[in-house]
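To start, the structure under review is shown below, and the notes come after it.
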């Protein structure tokens, strides 16, 4: 019994329940400006994490997923078509307007990947990509719920 409970709590059962690109932040390195996109991730165990990924990170995710789907094609037969990123815009200034359009593009990309096939959200490529890394923001702490001593409540108080 205990071993079956332990096995059910392993990371093998962890999957991304929902993910959404919720914004971006400007990252300056000398004269260069880059944009990092913030993704809110809801995990199957109820945790919410926030991760920051660059457009390059999402392009790498796309390549890794293409390779993964090819090697596991028996699993993903009959799934929705593989979503594509638009890719780099050469000779286009990396500015806020481009970041805003990429935010929408990445949000759609993440949504389509997770809807592509039921097993995609638990694939090692997806789980690893959305796992929090040391440089990712820490989710805001929620106020602890007040506890009530249920032993001091009478039956009427428990239902009101």
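Residue numbers (the numbering used here): 4 to 163.
For each residue, glycine too, the CB sits at the ideal point set by N, CA and C.
For residue 37, the enclosing beta strand (DSSP E) covers residues 35 to 46. In the structure shown, the three-state DSSP call for residue 20 is strand. With 16 or more neighbouring CB atoms inside 10 Å of its own CB, residue 56 falls in the buried class. Rounded to the nearest whole angstrom, the C-alpha separation of residue 107 and residue 114 is 11 Å. Remark: three or more beta-carbon pairs, one from each stretch, lie closer than 8 Å, so the stretch 121 to 131 and the stretch 16 to 30 are flagged as touching. Rounded to whole angstroms, residue 138 and residue 77 show a C-alpha spacing of 36 Å. The alpha-carbon separation between residue 66 and residue 133 amounts to approximately 15 Å.
Around the beta-carbon of residue 102, 16 or more other beta-carbon atoms lie within 10 Å, marking it buried. By the 16-neighbour rule on beta-carbons within 10 angstroms, residue 116 is buried.
By the CB criterion at 8 Å, residue 69 and residue 79 fall outside the cutoff. Under a 10 Å Cβ-count criterion, residue 141 is classified as exposed, with fewer than 16 other Cβ atoms of the shown protein chains found around its own Cβ. Residue 31 and residue 37 have their C-alpha atoms some 6 Å from each other.
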